[in-house]
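Data first, discussion second: the structure below is written as structure tokens.
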Amino acid sequence: MLLRPYAAVIRGRLQWGLEFRLDDSGMIVEVGPHTGMPEPYVLTPAFVNAHSHLEYRTLMGQIPGGDYWTWIRQLTELKKSQTEAEVVASCDLAAAENRATGVHFIAEHSDRPFAGASLSRHGFEGPVFQELITFLEQASPEEKRQIVLDRAATQGAAVSPHAYHTVDESSLRWVLAQGGPLSIHVAETQAENDFTERGEGPLAAFYESFGFSRPPTGKSVAQSLLDLGFAGERVQFVHGCALSDTDISLIAGADVSLAHCPRSNIALGCPTARVRRWLDAGIRVGLGLDSAASSGPIDMFDEMRASLDLSRAIGEPITAEEVWWMATGGGYASIPSLPKVPYDLVPGAKMPLLRLSVEGAHETEDLLGLDPTAVSWIDGGDGA
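Quick note on the working numbering: the sequence shown kicks off at 2 and runs consecutively.
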């Protein structure tokens with residue numbers, strides 16, 4: 002197959018005048034200058050959703066934003082009213098919308114055990130993380146571990162803790178001992194650091210209201226997890242809004258990746274993630290669409306715009322090229338368990354490819370103004 006777009010996105014940068022020859026397996030075997038008239042589209046690797054909650058799609062617009070802790074309590078209550086059929090329908094709808102916005106790889110967080118089947122039905126690749134929560138559960142931590150193991154087995158998922166403050170320490174150590182890939186919500190709010198450093202703030206008050214306590218570690222939530230052993234390339238931290246410079250340095254040194262979910266963070270009043278500092282530290286960073294219940298419509302272009310705008314608003318700008326890379330090759334590298342292969346338009350690489358219908362694009366930032374209607378898949382390569 003010979004692809005001759007007028008431009009292509011290579012490591013996030015828009016480049017002109019190149020054509021791509023693929024073998025029968027879809028591998029890029031040659032990249033060279035145009036040998037004929039180009040076609041009116043831009044070629045890019047398919048997008049990577051580095052953090053997702055498919056099961057909350059049908060809750061979009063039902064919970065007011067503005068405050069994370071109010072939002073999460075309302076989400077927990079709404080979940081109780083959902084039937085299995087409703088959750089399955091939510092997963093299928095979100096999967097279809099991820100496909101429509103050009104996503105192929107997803108790192109999915111799943112509470113109820115239905116997302117994995119939806120991802121399979123729609124042809125996605127990527128790990129499913131079956132979330133473990135042991136705080137305020139009817140089952141004991143040991144019983145909850147077995148429940149989550151059983152759920153994970155039904156959808157080929159890896160057991161992973163939801164967050165430091167929702168999982169007891171013995172269960173955190175148990176998850177580490179399982180040896181699988183891990184993805185955990187970390188420092189989405191400053192309250193998590195207040196809780197681990199000093200045993201103060203809304204999380205400590207919430208624990209106390211139920212007669213529980215948890216000794217502070219004297220360190221940030223990120224450092225507390227690193228000390229427990231949540232380190233190495235099998236670990237992904239999600240959100241990281243309230244990471245300090247020390248946290249960022251330690252995360253980089255521990256080879257832990259980060260998932261950035263800007264629209265969700267904006268909606269829930271979270272601190273602004275210091276993505277410029279993450280990238281400068283050499284951390285592998287992916288862009289996550291999170292859940293439609295917090296982020297809104299499933300749209301990777303809108304997510305990229307939000308990331309760029311947030312970085313500029315705090316005076317620590319990232320570039321459009323870096324944002325695109327976070328949504329493609331950088332995002333791929335950030336997801337634990339994916340094969341270590343090139344994810345870019347280079348010889349020897351093999352990946353699903355997108356055709357973007359856009360005329361007159363001069364730089365990557367011009368592409369950020371698109372929406373899912375501009376997306377089509379090369380040779381039906383959507384995996385569906």
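Where is the CB? At the ideal position from N, CA and C, for every residue including glycine. Just so it is clear, the structure is predicted and the values come from calculations on it, not from any experiment.
Please state if the CB of residue j and the CB of residue i are separated by a distance shorter than 8 Å.
{"i": "Arg285", "j": "Ser338", "result": "no"}
{"i": "Gly287", "j": "Ala253", "result": "no"}
{"i": "Arg113", "j": "Thr365", "result": "no"}
{"i": "Met301", "j": "Ala260", "result": "no"}
{"i": "Ala95", "j": "Thr45", "result": "no"}
{"i": "Phe130", "j": "Ala159", "result": "yes"}
{"i": "Phe106", "j": "Val49", "result": "yes"}
{"i": "Trp72", "j": "Leu204", "result": "no"}
{"i": "Trp326", "j": "Leu355", "result": "no"}
{"i": "Tyr165", "j": "Leu226", "result": "yes"}
{"i": "Thr102", "j": "Ile267", "result": "no"}
{"i": "Gln156", "j": "Ser111", "result": "yes"}
{"i": "Ile29", "j": "Leu346", "result": "yes"}
{"i": "Leu368", "j": "Ile319", "result": "no"}
{"i": "Asp169", "j": "Phe196", "result": "no"}
{"i": "Gly289", "j": "His52", "result": "yes"}
{"i": "Met61", "j": "Gly297", "result": "yes"}
{"i": "Glu31", "j": "Thr59", "result": "no"}
{"i": "Ser214", "j": "Pro263", "result": "no"}
What does residue i pair with, by DSSP beta-bridge criteria?
{"i": "Ala9", "result": "Gln16 and Leu44"}
{"i": "Gln131", "result": "Ser111 and Val160"}
{"i": "Arg22", "result": "Leu3 and Glu31"}
{"i": "Ser258", "result": "Gln237"}
{"i": "Ser377", "result": "Arg356"}
{"i": "Val49", "result": "Phe106"}
Would you kindly report the start and end of the unbroken alpha helix (DSSP H) that includes residue i?
{"i": "Arg398", "result": "The first residue shown for the chain is 2 and the last is 385, placing residue 398 beyond what the model contains."}
{"i": "Gly332", "result": "Gly330 to Ser335"}
{"i": "Gln224", "result": "Val222 to Leu229"}
{"i": "Ala188", "result": "Careful: Ala188 lies outside any alpha helix (DSSP H) and carries neither H nor E."}
{"i": "Ile73", "result": "Tyr69 to Lys81"}
{"i": "Pro203", "result": "Gly202 to Ser210"}
{"i": "Leu280", "result": "Val276 to Asp281"}
{"i": "Val324", "result": "Ala321 to Met327"}
Would you grab the beta carbon distance between residue i and residue j for me? Rounded to a whole angstrom, and I think it's under 8 Å.
{"i": "Pro34", "j": "Gly18", "result": "6 Å"}
{"i": "Ile185", "j": "Pro162", "result": "5 Å"}
{"i": "Ser119", "j": "Pro142", "result": "That belief does not hold up - the Cβ atoms of Ser119 and Pro142 are roughly 29 Å apart, past 8 Å."}
{"i": "Pro182", "j": "Arg235", "result": "5 Å"}
{"i": "Ala188", "j": "Leu244", "result": "5 Å"}
{"i": "His54", "j": "Asp291", "result": "6 Å"}
{"i": "Asp256", "j": "Ser221", "result": "Wrong, their Cβ atoms sit about 18 Å apart, outside the cutoff."}
{"i": "Gly349", "j": "Pro340", "result": "Not a contact, Cβ separation roughly 13 Å."}
{"i": "Ser295", "j": "Gly66", "result": "7 Å"}
{"i": "Met2", "j": "Asp380", "result": "7 Å"}
{"i": "Arg277", "j": "Glu322", "result": "About 13 Å; that fails the 8 Å criterion."}
On the three-state DSSP scale, how would you describe residue i?
{"i": "Phe115", "result": "coil"}
{"i": "Gly382", "result": "Residue confidence for Gly382 is low, a pLDDT of 49 falling below 50, so the modelled location carries little weight; the figure read from the coordinates is stated next. Gly382: coil per DSSP, three-state reduction."}
{"i": "Thr365", "result": "helix"}
{"i": "Asp390", "result": "Since the first residue of the chain shown is 2 and the last is 385, residue 390 is not available in this structure."}
{"i": "Leu173", "result": "helix"}
{"i": "Ser91", "result": "helix"}
{"i": "Gly33", "result": "strand"}
{"i": "Ala243", "result": "coil"}
{"i": "Ser312", "result": "helix"}
{"i": "Ala232", "result": "coil"}
{"i": "Gln139", "result": "coil"}
{"i": "Leu371", "result": "coil"}
{"i": "Glu98", "result": "helix"}
{"i": "Glu126", "result": "strand"}
{"i": "Phe213", "result": "coil"}
{"i": "Pro120", "result": "For the sequence presented, residue 120 should be read as Leu rather than Pro. Leu120: helix per DSSP, three-state reduction."}
{"i": "Ala350", "result": "coil"}
{"i": "Val168", "result": "coil"}
{"i": "Val387", "result": "This structure does not reach residue 387, given that the chain is present from 2 up to 385, and the question cannot be answered."}
{"i": "Val286", "result": "strand"}
{"i": "Val149", "result": "helix"}
{"i": "Leu55", "result": "helix"}
{"i": "Leu60", "result": "helix"}
Ends of the beta strand (DSSP E) at residue i?
{"i": "Leu357", "result": "Leu354 to Leu357"}
Spell out whether any CB of chain C is found under 8 Å from the CB atom of residue i.
{"i": "Gly330", "result": "Annotation note: the requested chain C is absent from the structure, which comprises a single protein chain."}
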